[in-house]
Every structure is written in C-alpha cells, then in structure tokens.
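Reading through the structure tokens given below for one structure.
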Amino acid sequence: MKWLLMIFASMVISYSPTAKACSFRISGGELNRCGMTKIEVMNKIGNPDMRDRQTIGVNTGFGRGGRSAEAWSYVVKGDIGGEYYLTVLFSGNKVVEIESQQVRR
Numbered sequence: 000m001k002w003l004l005m006i007f008a009s010m011v012i013s014y015s016p017t018a019k020a021c022s023f024r025i026s027g028g029e030l031n032r033c034g035m036t037k038i039e040v041m042n043k044i045g046n047p048d049m050r051d052r053q054t055i056g057v058n059t060g061f062g063r064g065g066r067s068a069e070a071w072s073y074v075v076k077g078d079i080g081g082e083y084y085l086t087v088l089f090s091g092n093k094v095v096e097i098e099s100q101q102v103r104r
C-alpha cells in the first residue's frame, strides 16, 4: 500500500502544471522547451511574426536594474490540433518561458 501511495504521489508531482509550463509541442511533433537557444527555436518554428523587448522590475538607481527579456510571438498549429498564439521569452540567448493560448478562445 505504501508503494502505491508513493507511485501515485510521484505521478501527481510529475504531471503538475509547473512541470509542463515550459514546453509546447507544435504540429509535426517538434517540442519547444526552456533552455533552447534562439537558433534552435528558429530551426523548429521559423522567424517570429513579432519581436518585442520586455523589462521586468524597476531600476532603483543603485546599480541594480530590472531584468529584460526578448519575446518572440508566433501563430502556430499545435500538436493536438487548432491554432495557438505562442510567445517564447528569452533571457540572453536561452528560452526561459513559453506561453500559449488557443486562437478564438
């Protein structure tokens, strides 16, 4: 019984939304995930429809500023069907966050 409880708990933890929050699978099975470089993302999805620079936080004037990220936006077909608005956030040259929302939802 104890083993069954441990297996169930590990499945719940590994399937939690935070565990899957940094990836998106486009049609054709290509997986985009955190840690990828800009070149890898371009090879899988192509050139973004729009690029934007975002600054998070406030510059306090004491040598510490906000964190900036580059956002690439796409409209892509998802692996499970339908079109999605996809935003890939980069810090430096690496993906740090992926946001998706189904079109017309």
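Each residue of the sequence shown is one higher than the one before, starting from 0 at the first, in numbering that gives the first Met the number 0. We treat Cβ as the ideally placed atom computed from N, Cα and C, and that holds for glycine.
If you measure between the beta carbons of residue i and residue j, is that distance less than 7 Å?
i: Tyr83; j: Ser99; result: yes
i: Arg66; j: Ile55; result: yes
i: Ala70; j: Asp51; result: yes
i: Val94; j: Met35; result: yes
i: Val75; j: Ile25; result: yes
Starting from the C-beta of residue i, find all residues in its chain whose C-beta is less than 6 Å away, skip the five residues before and the five after it, and write them out in chain order.
i: Gln101; result: Gly81, Tyr83
i: Ser90; result: Ala68
Could you give the distance in angstroms between the alpha-carbon of residue i and the alpha-carbon of residue j?
i: Leu88; j: Lys43; result: 15 Å
i: Cys21; j: Arg103; result: 22 Å
i: Gly28; j: Gln53; result: 29 Å
i: Ala68; j: Gly77; result: 24 Å
i: Asn92; j: Gly45; result: 16 Å
Determine the DSSP secondary structure at residue i, reduced to helix, strand or coil.
i: Val40; result: helix
i: Asn92; result: coil
i: Arg103; result: coil
i: Gly77; result: strand
i: Asp51; result: strand
Ordered along the chain, which non-local residues of its own chain (more than five positions away) have a Cβ less than 7 Å from that of residue i?
i: Phe23; result: Asn31, Leu85, Ile97, Ser99
Name the DSSP beta bridge partners of residue i, please?
i: Ser169; result: Given that the chain is displayed from residue 0 to residue 104, the structure contains no residue 169 and the question cannot be resolved.
Excluding the 5 residues flanking residue i on each side, which residues of the same chain have their C-beta closer than 8 Å to its C-beta?
i: Cys118; result: Since the first residue shown for the chain is 0 and the last is 104, residue 118 is missing from the structure and cannot be characterised.
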